[in-house]
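Novice: Encoded as C-alpha cells, here's the structure I'll be asking about.
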Amino acid sequence: MAPSFIKNFRSFIWDSDTHLKSHEERKLLRKLDFSILTIGCLGFFLKYLDQGNLSNAYISGMQEDLQMKGNEYTYAVTCYTVAYAIMQIPSNIIIQYIRPSYWLAAMEICWGTFTFAQAGVRSSNMLYAFRFLVGFFESSFFPALLFVLGSWYTKTELAKRIAIFHMTAPVGSSFGGFLQAAVYKSLDGHHGLAGWRWLYIVCGCMTVPVGFATFWILPDTPYTTKAWFLSEEEKELAIERVREAGKAAPAPLTVATFKGILTRWRWYAFVLGYVLYGSACGAGDYFGIWLKSEKFSVEDRNLIPTGSKLISGFCVVLWGFLSDYTGSRFALVLCPLIYGLIPNGILAFWPAGQGVKMFAFMTTGVQLMTAIFYSWANEVCADNNEERAIVISSMNGFQYAVAAWLPILIFPQTMAPTFRYGFPATWGLVIAALIAIVGIQVLHTREQRKKRLDESTVEQGSFDDSGEETGEVGSKSISGNIREAKSI
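Numbering (the UniProt record's numbering), first residue to last: 1 to 488.
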C-alpha cells in the first residue's frame with residue numbers, strides 16, 4: 001500500500017509517466033537532472049544576479065558617485081541589452097558545431113570577469129563599455145541551455161525542468177536585493193570602496209568558479225555527449241528516448257535550412273508572440289525607482305522588491321508543473337497572461353493610493369510563464385533540430401533587440417516614477433500578446449490537423465493499393481474456379 005502511494009505521489013508531483021519508466025531510465029533522468037539543472041540553475045541565477053546588480057548599485061549610491069544624470073541609467077541598461085541581443089542567434093548556431101559545455105564555460109568565465117571589473121568604473125562611459133561586454137558574454141547562456149534541455153527531455157518532463165531553470169531568474173534578482181543590502185550594511189567604505197562596488201566584486205567572485213564547473217558537468221546533447229558520468233548504455237538510451245519522442249537528429253546547417261525555416265509559420269509566430277509577451281513584462285523593473293520616489297530607505301528599496309521576485313519564482317514553477325501534469329501548453333501560457341491585465345492595468349491608470357500600486361508591483365510576476373512558452377516552442381519544432389535552435393534563440397534575441405530601444409521611448413527616467421507612457425504601453429502589450437498566443441494555437445492546431453489528414457491519406461492509399469492487388473488475385477481465382485466448374 002505504502003509503495004503504491006509513494007509511486008502515485010511521485011507521478012503526480014514529478015513526471016506523470018514515472019511509473020512507466022524502467023529503473024535504467026529513471027537513473028538516467030536523475031543524472032541529467034543533477035548535471036543539467038545544477039549547472040543551468042547556478043548559471044542562470046548568477047546571470048540574473050549579474051544582470052540585475054546594476055539596478056541595485058544605482059539605487060545604492062552609484063548614481064551619486066558617478067554623477068549619473070538624465071537617462072544615463074537607461075543608456076547603461078540599453079548597452080547591456082543591445083549586446084545581449086546580438087549573440088542570441090549566433091550562439092545557438094555555434095553550439096551546433098562546438099560542444100555547449102566548452103562554449104558556455106568560456107562565456108561564463110568572461111562575463112564573471114567583466115562583472116568583477118565593474119567595481120572599478122569611474123564614469124558613465126566606462127560603465128557603458130563594461131555593461132556591453134557583460135551582456136555580450138551572458139547572451140549565450142539562456143538560449144543554449146534551453147536548447148540543451150529540449151534535446152534531452154520529453155513532453156511529460158520538459159516544462160517543469162525549464163520552469164525550475166527559469167525560476168532562478170527571479171530568485172537571482174531577489175537575492176541581489178538581499179546581497180546588496182548586506183554588502184551595503186557590512187562593507188560600505190571598507191578599504192575605501194563604496195558598498196555598490198563591493199557588490200560587483202562579490203558577484204564576479206561567485207560567477208567565475210561556476211564557469212569552470214560547467215566545462216566538467218554539462219553533458220552537451222544526446223548525440224554529442226561525452227559526459228564522464230554517463231555509461232555507453234545510458235547514452236544509447238538517451239538517443240532512443242528522444243527518437244521515440246519525435247525529436248529530430250542534428251543535421252548540417254545550409255541555405256536550404258534557413259529557407260525552410262523562413263517559409264513556415266513557426267518562426268514568425270513564436271518570435272512575434274514572445275516579443276509582445278516579453279515587452280509586456282517590463283513594468284516590474286521600475287519597482288525600486290518608485291520606492292525611491294516614495295522615500296523608502298536604501299535597505300527597503302533593495303529588500304521590498306524581492307517579494308515580487310519570489311512571487312514570480314513560485315508562479316513560474318507552479319505553471320511549469322501544472323503544464324506537464326495536464327499536458328497543456330496553450331492554457332498555461334494564456335491564463336497567467338490574462339491575470340497580467342490586472343497589475344498592468346492598475347499601473348496604467350496610476351491610482352492615488354500607495355497600497356494598490358504596491359499590490360500591482362508585487363504581483364506583476366504572476367504573468368511570467370516563460371518556461372511554458374519555450375516548452376511549447378521546443379515541442380512544436382521538435383521535428384526539426386535546427387529550426388528548434390533558431391526559433392528558441394530568435395525568440396529571446398528579438399525580444400532583447402526590442403528591449404534595447406523600447407524602454408528609452410516609453411520609460412525615460414525623466415518621467416519617473418509615473419511613467420505615463422510606459423505603464424499604459426505594457427498594458428496594451430499584454431492584450432496584443434494574448435491575441436498572438438491565440439493565433440499560435442490556431443496555426444498549430446491547423447498544422448496538426450493537416451498532418452493527421454496527410455498521414456491518413458497515405459495510409460488509405462497503401463490500403464487501397466493492397467486491396468487492388470488482393471482484388472486482382474481474387475478475380476483471377478474466381479475466374480479460374482468458374483473455368484474449372486465449366487470443365488467439370
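Cβ coordinates follow ideal geometry from the N, Cα and C atoms, glycine included. All values derive from a computational prediction rather than experimental measurement.
1. Do you know offhand how far A403's Cα is from L218's?
2. Mapping DSSP to helix, strand and coil, what is F229?
3. Hey, how far is the Cα of Q264 from the Cα of Q448?
4. Below 8 Å on the Cβ atoms is my guess for A371 versus W427; work out the distance and round it to an integer in Å.
5. Evaluate contact between the stretch 246-256 and the stretch 377-384, counting only Cβ atoms and requiring at least three cross-stretch pairs below 8 Å.
6. Given I289, which residues of its chain have a CB within under 7 Å of its CB, disregarding the five upstream and five downstream residues?
7. Got a sec? Which residues, its chain only, sit under 7 Å from L322 by beta carbon, not counting five neighbours each side?
8. Should G282 and A436 be called a contact, given that it needs their Cβ atoms to be closer than 8 Å?
9. What whole-angstrom Cβ distance do F270 and V391 have, given they're in contact under 8 Å?
10. Specify the secondary structure class of residue 513 as computed by DSSP and reduced to three states.
11. I'd like to know whether the C-beta atoms of Y400 and Q88 end up nearer to each other than 8 Å.
12. Closest by CA to T168, which one among F215, E294, L46 and R266?
13. Taking 8 Å as the threshold (C-beta atoms), are C203 and F132 in contact?
14. For the stretch 190-198 against the stretch 54-73, do three or more pairs of beta-carbon atoms, one drawn from each stretch, fall closer than 8 Å, so that the two count as touching?
15. Excluding the 5 residues preceding and the 5 following D65 in the sequence, name in chain order all residues of the same chain whose CB lies nearer than 8 Å to its CB.
16. Below 8 Å on the Cβ atoms is my guess for I42 versus V210; work out the distance and round it to an integer in Å.
17. Return the chain-ordered list of same chain residues with a C-beta closer than 6 Å to the C-beta of F314, the five sequence neighbours on each side being excluded.
18. Whose C-alpha, out of R161, F212, A105 and W267, is nearest the C-alpha of M369?
19. For the alpha helix (DSSP H) that contains V121, what are its first and last residues?
20. Per DSSP, what kind of secondary structure is P222 in: helix, strand or coil?
21. Going along the chain, which unbroken runs of the beta strand (DSSP E) with 3 or more residues stay wholly within the stretch 272-315?
22. Which residue comes first and which comes last in the alpha helix (DSSP H) that contains P252?
23. Give a yes or no on whether 8 Å exceeds the smallest Cβ distance from P219 to chain D.
24. Thinking L337 and A433 are a contact (beta carbons under 8 Å), I'd like their distance in whole angstroms, please.
Specialist: From the atom records:
1. Walking along the sequence shown from the start, residue 403 turns up at place 403. Walking along the sequence shown from the start, residue 218 turns up at place 218. Whole-angstrom Cα-Cα distance: 30 Å.
2. Taking the sequence shown and counting its residues from 1, the one referred to as residue 229 is at position 229. In the structure shown, the three-state DSSP call for F229 is coil.
3. For this step, residue 264 is matched to residue 264 along the sequence shown. For this step, residue 448 is matched to residue 448 along the sequence shown. Sequence check: residue 264 is Arg here, not Gln. Annotation: R264 to Q448 spans about 14 Å, alpha carbon to alpha carbon.
4. Translated into positions along the sequence shown, residue 371 becomes position 371. Translated into positions along the sequence shown, residue 427 becomes position 427. By a beta-carbon distance limit of 8 Å, A371 does not contact W427. Their separation comes to about 23 Å.
5. Touching, yes.
6. Against the sequence shown, residue 289 aligns to sequence position 289. Non-local C-beta neighbours of I289 in its own chain, meaning closer than 7 Å and more than five positions away in sequence, comprise A416 and P417, ordered along the chain.
7. One-based indexing of the sequence shown puts residue 322 at position 322. Contacts found: L332.
8. Within the sequence shown, numbered from 1, the residue matching residue 282 stands at position 282. Within the sequence shown, numbered from 1, the residue matching residue 436 stands at position 436. Taking a C-beta distance under 8 Å as the contact criterion, G282 and A436 do not qualify as a contact pair.
9. Along the sequence shown, one-based indexing puts residue 270 at 270. Along the sequence shown, one-based indexing puts residue 391 at 391. Right, the Cβ-Cβ distance comes to about 5 Å (below 8 Å), so this counts as a contact.
10. Residue 513 is absent from the structure shown; the chain starts at 1 and stops at 488.
11. Along the sequence shown, one-based indexing puts residue 400 at 400. Along the sequence shown, one-based indexing puts residue 88 at 88. Y400 is a Cβ neighbour of Q88, given a cutoff of 8 Å.
12. Start at 1 with the first residue of the sequence shown, and residue 168 comes out as number 168. Ranking F215, E294, L46 and R266 by CA distance to the CA of T168 puts L46 first.
13. On the sequence shown, residue 132 is found 132 positions in, with the first residue counted as 1. On the sequence shown, residue 203 is found 203 positions in, with the first residue counted as 1. Their beta carbons are not under 8 Å apart, which means F132 does not touch C203 by this criterion.
14. Yes, the stretch 190-198 touches the stretch 54-73.
15. For this step, residue 65 is matched to residue 65 along the sequence shown. By the criterion of a C-beta distance shorter than 8 Å, D65 is surrounded in its chain by A194 and W196, once the five residues flanking it on both sides are discounted.
16. For this step, residue 42 is matched to residue 42 along the sequence shown. For this step, residue 210 is matched to residue 210 along the sequence shown. The sequence given here has Leu at residue 42, not Ile. Their Cβ separation, rounded to whole angstroms, is 5 Å, which keeps L42 and V210 in contact under 8 Å.
17. Taking the sequence shown and counting its residues from 1, the one referred to as residue 314 is at position 314. Cβ within range, chain order: n/a, list empty.
18. To locate residue 369, count along the sequence shown from 1; it is residue 369. That would be R161, whose Cα lies nearest to the Cα of M369.
19. The sequence position of residue 121 within the sequence shown is 121, counting from 1. That residue, V121, is in no alpha helix (DSSP H); it is neither H nor E in DSSP.
20. Sequence index remark: in the sequence shown, residue 222 carries index 222 (1-based). Secondary structure at P222: coil, using DSSP grouped into helix, strand and coil.
21. Here no run is fully enclosed.
22. Looking up residue 252 in the sequence shown gives position 252. DSSP places P252 in no alpha helix (DSSP H); its state is neither H nor E.
23. Chain labels in this structure do not include chain D; a single protein chain is all it has.
24. Along the sequence shown, read from residue 1 onward, the residue named residue 337 stands at position 337. Along the sequence shown, read from residue 1 onward, the residue named residue 433 stands at position 433. That pair is a contact at about 6 Å.
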